[in-house]
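The opening position of the sequence shown corresponds to residue 56 in our numbering, with each subsequent residue numbered one higher. Heads up, the thing below is written out as structure tokens.
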Amino acid sequence: MRKRNKQCLVRFSPDEMKYVDQKVKESGLSKEGYFRKVLLGKEIKALPPLDYFELKRELSAVGNNLNQIARVANATKKIDTEYYKQNIQSLEKFFKKMIIQME
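Shown next, in the form of structure tokens:
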């Protein structure tokens, strides 16, 4: 038997329903999940924009590259300046994208 076997019917005006649909969409939850969280007083976090995941991946890649450069530099006492410059440029591009996203 289902744990949640009780139902509750709620009626909305068209404007209210539009508002509810927007909030549900922003949350990424089902309507049922959204209503349950609201009624139980739990925090509802909006989904991050799609660009968030791309930016996170880019930052991770640049960070990994810089760690590799540091590892090689510590082992050999030399730095591949061209590779280092490329990664710094990638990092600069990343921060420019972040600034644009925040505006």
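Cβ atoms here follow ideal geometry from the backbone N, Cα and C, with glycine treated the same way. On a predicted model such as this, the values are computed, not experimentally measured, just so you know.
The closest CA to that of Ala116, considering only Tyr74, Phe149, Ile155, Asp76, is found on Phe149. DSSP, reduced to helix, strand and coil, places Leu64 outside both helices and strands of the structure shown, so it counts as coil.
The criterion of a C-beta distance shorter than 7 Å is not satisfied by Lys86 and Val93. Classified as exposed, Tyr74 has fewer than 16 neighbouring CB atoms from the shown chains inside 10 Å of its CB.
The C-beta distance from Asn120 to Asn142 rounds to 5 Å, short enough to fall under 8 Å. In this structure, Arg112 is the residue among Gln156, Arg112, Val127 with its C-alpha nearest to the C-alpha of Ser145. For Tyr139, the CB contacts under 7 Å within the same chain, skipping 5 residues up- and downstream, are Ile124 in chain order. Distances from the CA of Lys152 to each of Tyr107, Lys132, Gly96, Ile99 were compared; the closest alpha carbon is that of Tyr107.
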